[in-house]
């Protein structure tokens, strides 16, 4: 193995048609090139997206009608739990790391990531973790069914599937921490001469902040699930009142991780959208500095709002008020970002290719999720809505229409640089409109279900909720099919061929990534560019 | 994509058929959700009414902001297009504007938070309650203990009363499908009721939307909440915290009655409870116990071990043909009292109930245990 790596490095000056990197499976297993690793991350996350999606369709199929049709409730709970875990840790987070790997070196004019071999290791930890997680369906007792939040003491009741889930998350956490260290080091040390921090592209900025969040909170999650593990097997009582512990302590620790985690999943998305809107409005991003400050404020505030997930656990009135006020405060920097995007569009010269459609779709639908977030921040309303479908609607508006749409936007925007081919514009637009419409058909009715009091994580429901559930199920299958369409009609054809992409396919786009050829050669910026 | 083109219409048609097929006559649930309900359930306490108003207030503000912000965005999208020949302007910074749209949202947020603060304080004030009831969540039902006030000492279990056949689609579903119980919580109207919550096993949550109450029930800890229902009626709620496989099947029903009716209910309940306090030394016949045991089984055991006694392979052991059930009775008594793995300890059942259910399992399905009867006295002895 060492020879292969030496080989790859020894000839790093010879590029273009003579890339001396290993070929076949070795190219991927021994990958140290940021572009190859980025590609691996993106394929991994897309696979997990489809896996998690299939589980979601299982959930929606069971909920098409009241009564138990397809699954027993314990399996239904496994579906909801694993859908959450796979989407959060397997799909959304690795996808953003994939974008970071591909784009950050290209955006800041670096030759590669700072720690190329650690980069390889952070990726190759993921497939074993995913296999561990998904195969837990097959062990006696099945996968963990304690919800993706894994609340104790329900999590101590589970079978071996729970332990597999815990180990999978430990591994994914280690992967995330290494990936973040890599990103922070790359951004702080390897920027091209002249690129000061305040000249850096927004995507790199949002990832720098996100990486700090990850380094801060992933160990907290590891602590929480390790305590669960020792409670399960080694007789400790961290979360067991009978032994002097406290089940609610688990929730405090978990959400101290969990709230920054939700921003980890959206801030890089903000970055992508902040690149795309100016490109297609042909106008400089409005309020660059305030965008950076807003992102940092959101990140800092994310550490002091965690207990808003726990209003129904019961806490002193002063705590409830503190967490309510702090949470509502987040609306201010988030609002600033939305206003800046719209100000960027204002009096621009806009065109609406697929990346722009997804970016505008993101702003529109994500903002709806922001409004429901604001409504949920109000303690009394939150208590009424806690653990109802309103919450499900809210976090899918920010995670699917937010994170996932920003990922699609980023794909359409940068894929020409990756593949060297333009995707099919008509099919891209079909994918956008199909996704936007079916997404809303799926999740909008859930607001009504939640307001009327339908609890989430229920395998069965009162017959009065039937109609909205049926609409949601139809929408969900439509959304699933839209992503299959994306795979077969957009993604695969755009890799195989198509119209040749120019070095800078978008006339309004700016940044170093557009100064290299399309597709980006194996090695780029071996001599750092100078930024004026 | 040839298949894709035919797939969509086929799916839509299939969906349409299912939709029309499923529209069995459902009417609004009294005290629960209405068909296609769009907003909160009608509030019957001052707190629930406050929440209702708060939500309307927030919705109003959000819709106003939504229209303003996206009005501007879509105006821009329509007018500032390259295809219309619009040239892009070059402005990209304005400190004044930035400060304005930081301060204005801040002020709006303050406007939202002020009325909410009052409600938060009101919700937390559980002092001076007329009646205190402890709600204990357990997998998967509720226990109510009247701790203080009129009715003190009353205690009973409250479990789902929807027949399993309706859940498994073997019978038509009733209007109160899944939100109906055998023994509802009964409280008087216009009295401040304090609900103290706790749990036996995992975290549950006691929530009734119309009353504006939702409080987690945490094993080993107590929390409280309160309500003062202003209207006589039946109000329905659920367990709102994931608590395992039967999470969807442990609803809550609260009967709010007039003072007179409440006094009557207390008298009856107290009398009934005294009568029900069976003498553990009474000797029963197999038939008597098995008959009683069938009901205990249906209320407590059927969820895991199934009506067929076959259990769920890999998750819940079969009782039909089980070695424990057909073996020495001491083993089964011990298992019921102390639990094992996923099997909870059933200490909370009475001696007679445990004796009855054991006797039932020993004589049902293909089981023909040699020791085919357990008397309540034996259970009592095993408890020590």
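Protein chains in written order, with our numbering: chain A, 4 to 535; chain B, 4 to 387. Glycine included, every Cβ here is placed at the ideal spot set by N, Cα and C.
Paired residues, beta bridge with residue i - DSSP
i	result
residue 207 of chain B	B:220
residue 242 of chain B	B:209
residue 257 of chain B	B:188 and B:238
residue 136 of chain B	B:149 and B:198
residue 462 of chain A	DSSP output for residue 462 of chain A lists no bridge partner at all.
residue 138 of chain A	DSSP lists no partner for residue 138 of chain A.
residue 315 of chain B	B:319
residue 228 of chain B	B:198
residue 163 of chain B	B:184
residue 503 of chain A	A:424
residue 144 of chain B	B:141
residue 84 of chain B	A:353
residue 158 of chain B	B:148
residue 391 of chain A	A:458
residue 343 of chain B	B:346
Counted within 10 angstroms of its Cβ, other Cβ atoms place residue i as buried (16 or more) or exposed
i	result
residue 436 of chain A	exposed
residue 293 of chain A	buried
residue 228 of chain A	buried
residue 535 of chain A	exposed
residue 115 of chain A	buried
residue 199 of chain A	exposed
residue 235 of chain A	buried
residue 130 of chain B	exposed
residue 387 of chain B	exposed
residue 262 of chain B	exposed
residue 171 of chain B	exposed
residue 255 of chain B	buried
8 Å Cβ cutoff, residue i in contact with chain A
i	result
residue 246 of chain B	yes
residue 309 of chain B	no
residue 133 of chain B	no
residue 65 of chain B	yes
residue 313 of chain B	no
residue 375 of chain B	no
residue 53 of chain B	yes
residue 382 of chain B	no
residue 122 of chain B	yes
residue 337 of chain B	no
residue 35 of chain B	yes
residue 1 of chain B	Coverage of chain B is limited to positions 4 through 387, which leaves residue 1 of chain B absent and any answer about it impossible.
Assumed close pair residue i, residue j - CB separation to whole angstroms, cut-off 8 Å
i	j	result
residue 136 of chain B	residue 57 of chain B	Going by Cβ atoms, the distance from residue 136 of chain B to residue 57 of chain B rounds to 27 Å, so no, they are not a contact pair.
residue 285 of chain A	residue 93 of chain B	Not really, about 10 Å apart at Cβ, beyond 8 Å.
residue 238 of chain B	residue 297 of chain B	The pair is not a contact, with the Cβ atoms about 31 Å apart (cut-off 8 Å).
residue 63 of chain A	residue 479 of chain A	4 Å
residue 3 of chain A	residue 132 of chain A	Nothing in the structure corresponds to residue 3 of chain A, since chain A is present only between 4 and 535.
residue 418 of chain A	residue 485 of chain A	Incorrect: roughly 18 Å between the Cβ atoms, too far for contact.
residue 217 of chain A	residue 177 of chain A	Contact doesn't hold; Cβ gap of about 11 Å is too wide.
residue 95 of chain B	residue 287 of chain A	4 Å
residue 91 of chain A	residue 44 of chain A	Contact doesn't hold; Cβ gap of about 15 Å is too wide.
residue 138 of chain B	residue 200 of chain B	5 Å
residue 149 of chain A	residue 279 of chain A	Actually they do not touch by this definition, with Cβ atoms about 38 Å apart.
residue 241 of chain B	residue 210 of chain B	6 Å
Interface flag, residue i vs chain B, CB-CB below 8 Å
i	result
residue 341 of chain A	yes
residue 18 of chain A	Its pLDDT being 44, under 50, residue 18 of chain A is placed unreliably by the model, and the measurement read from it follows with that caveat. It does not; no Cβ of chain B falls within 8 Å.
residue 122 of chain A	no
residue 80 of chain A	yes
residue 230 of chain A	no
residue 287 of chain A	yes
residue 460 of chain A	yes
residue 324 of chain A	yes
The ligand MG heavy atom lying under 7 Å from the CB of residue i
i	result
residue 129 of chain A	No copy of the ligand MG occurs in the structure displayed, which carries no ligand at all.
Worksheet item: Residue ranges of each beta strand (DSSP E) run of no fewer than 3 residues wholly in the segment 259-342 of chain A, ordered along the chain?
Response: Taking only runs of at least 3 residues, no beta strand (DSSP E) segment lies wholly in the segment 259-342 of chain A.
Practice prompt. Could you please tell me which residues of the segment 206-240 of chain B, in chain order, have their CB closer than 7 Å to any CB of chain C?
Written response: This model lacks chain C altogether; the protein chains it does include are A and B.
Discussion item. Ignoring anything shorter than 4 residues, give me the alpha helix (DSSP H) runs that lie fully in the segment 103-190 of chain A, in order along the chain.
Written reply: Here the runs fully enclosed are 119-127 and 129-138.
Worksheet entry | Segments of 3+ residues assigned as beta strand (DSSP E) that fall wholly inside the segment 185-263 of chain A | Counting only runs of 3 or more, we get nothing.
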